[in-house]
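S.K.: One structure is given below, represented as structure tokens, and several questions about it will come after.
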Amino acid sequence: MHLPDGIISFEQAIIYWTITLIIVSLFFYKFSNDENKEKRIISIALFSVFTIGITSLSIPSPLGVPIHFFIIPLIAMLLGPFSSTIVSFVTLIMQALTLNMGGITSLGANFIVIGFILSVATYGFYKLFLNLNKKFAIFGSTVIGIIIATFGQIGILLISGAMNLDVLLSTLLPFYVFISFIEGFANVIIITAIEKIKPEIIEINKI
1 MHLPDGIISF EQAIIYWTIT LIIVSLFFYK FSNDENKEKR IISIALFSVF TIGITSLSIP
61 SPLGVPIHFF IIPLIAMLLG PFSSTIVSFV TLIMQALTLN MGGITSLGAN FIVIGFILSV
121 ATYGFYKLFL NLNKKFAIFG STVIGIIIAT FGQIGILLIS GAMNLDVLLS TLLPFYVFIS
181 FIEGFANVII ITAIEKIKPE IIEINKI
């Protein structure tokens, strides 16, 4: 889901970067009122390293395209949507500079999709489903979050004029639905394990 440099025009890239900086500023405003600043800084740093490592792995898939997991839905449920957007922002910068994943001019667009849309959609549906069943909430919110983020990327690509809707719906959507199911099951296992082994991570206030 990383868009490389050159797909988005410079004018559009500036707009996406502006929106990105506004969202990042909102996080720091929220962070300034956080009662657990030190714990959150440590958690964000650790999850950033973890996310960079995991998302850099290319896993073969039966669809013929290697899988890169997002991890952002997991962090949104553990730390909150604004915290996961910051993890995403740090991760995207490091991926662009060191792993040749994404780009600098396209970073704003990538952040809006992977960082903001994915975080907010996942966390929103997680809270919505939580009263029904915890495991369903984890799985369902991960799947829905990734699908909504996919439509966000489709929208950006349509605005850029890089691809047409039919091609995007027939390629991107099935691929990321496939990934969403795998990551959804993985998140259920991971969060269940964290609740038993390291419950203090779950107990941190979500921002």
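For the sequence shown, position 166 matches number 166 in UniProt numbering, and the numbering has no gaps at all.
Glycine residues also receive a C-beta, built at the ideal position from the N, C-alpha and C atoms.
Predicted, not measured: the structure shown is a model, and the values here were computed from it.
Can you look up Ile42 in the DSSP assignment and give me helix, strand or coil?
M.R.: Helix.
S.K.: Which parts of the stretch 106-133 are runs of the alpha helix (DSSP H), unbroken and 4 residues or longer, counting only runs that do not cross its ends?
M.R.: Taking only runs of at least 4 residues, the alpha helix (DSSP H) segments lying wholly in the stretch 106-133 are 107-110 and 118-129.
S.K.: State the Cα-Cα distance for the pair Leu8 and Ile179, rounded to the nearest angstrom.
M.R.: The sequence shown places Ile at residue 8, rather than the Leu named in the question. Distance between the alpha carbons of Ile8 and Ile179 is about 25 Å.
S.K.: Leaving out five residues on either side along the sequence, give the residues of the same chain with a beta carbon under 7 Å from the beta carbon of Asp5.
M.R.: Here the set comprises Gly103, Ile104, Thr105 and Ser106.
S.K.: Using a Cβ distance threshold of 8 Å, determine whether the stretch 82-91 contacts the stretch 155-162, with at least three qualifying pairs required.
M.R.: No contact exists between the stretch 82-91 and the stretch 155-162.
S.K.: With DSSP as the reference, label Ile71 as helix, strand or coil.
M.R.: The answer is coil: DSSP assigns Ile71 none of H, G, I, E or B.
S.K.: Pull up the DSSP beta-bridge partners for Ile59, would you.
M.R.: Bridge partners of Ile59: Ile67.
S.K.: Does DSSP put Pro4 in a helix, a strand or coil?
M.R.: Note: Pro4 maps to coil in three-state DSSP.
S.K.: Spell out a yes or no on whether the stretch 42-53 and the stretch 90-98 are touching, meaning 3 or more CB-CB pairs, one atom from each, closer than 8 Å.
M.R.: The answer is yes - the stretch 90-98 touches the stretch 42-53, with three or more Cβ pairs under 8 Å.
S.K.: Give the straight-line distance between the Cα atoms of Ala193 and Asp166, rounded to the nearest whole angstrom.
M.R.: Going from the Cα of Ala193 to the Cα of Asp166 covers about 40 Å.
S.K.: Just to confirm, are Asn187 and Thr142 a CB contact at a threshold of 8 Å?
M.R.: Their beta carbons are under 8 Å apart, which means Asn187 touches Thr142 by this criterion.
S.K.: Helix, strand or coil for Ser25 per DSSP?
M.R.: DSSP places Ser25 in helix when its eight states are reduced to three.
S.K.: For Gly115, which option in Phe89, Leu132, Asn33 and Trp17 has the closest C-alpha, if you only look at C-alpha atoms?
M.R.: Checked all of Phe89, Leu132, Asn33 and Trp17; the closest Cα to Gly115 is Phe89.
S.K.: Take Ile147 and list the residues in its own chain whose beta-carbon comes closer than 8 Å to its own, dropping the five residues that flank it on each side.
M.R.: Taken in chain order, the residues that qualify are Leu173, Tyr176, Val177 and Ser180.
S.K.: Does the separation of the CB atoms of Ser48 and Val24 fall below 8 Å?
M.R.: Cβ distance not < 8 Å, so Ser48 and Val24 don't count as in contact.
S.K.: Starting from Gly102 and walking both ways along the alpha helix (DSSP H), at which residues does that stretch end?
M.R.: Looking at the DSSP string, Gly102 is not in any alpha helix (DSSP H), and its letter there is neither H nor E.
S.K.: Check for me: the alpha helix (DSSP H) holding Thr98 runs from which residue to which?
M.R.: Thr98 -> no alpha helix (DSSP H), and no H or E assigned at all.
S.K.: Helix, strand or coil for Ser9? Go by DSSP, reduced to three states.
M.R.: If DSSP states are grouped into helix, strand and coil, Ser9 belongs with coil.
S.K.: Buried or exposed for Asn205, going by 16 or more other Cβ atoms inside 10 Å?
M.R.: Burial call: exposed.
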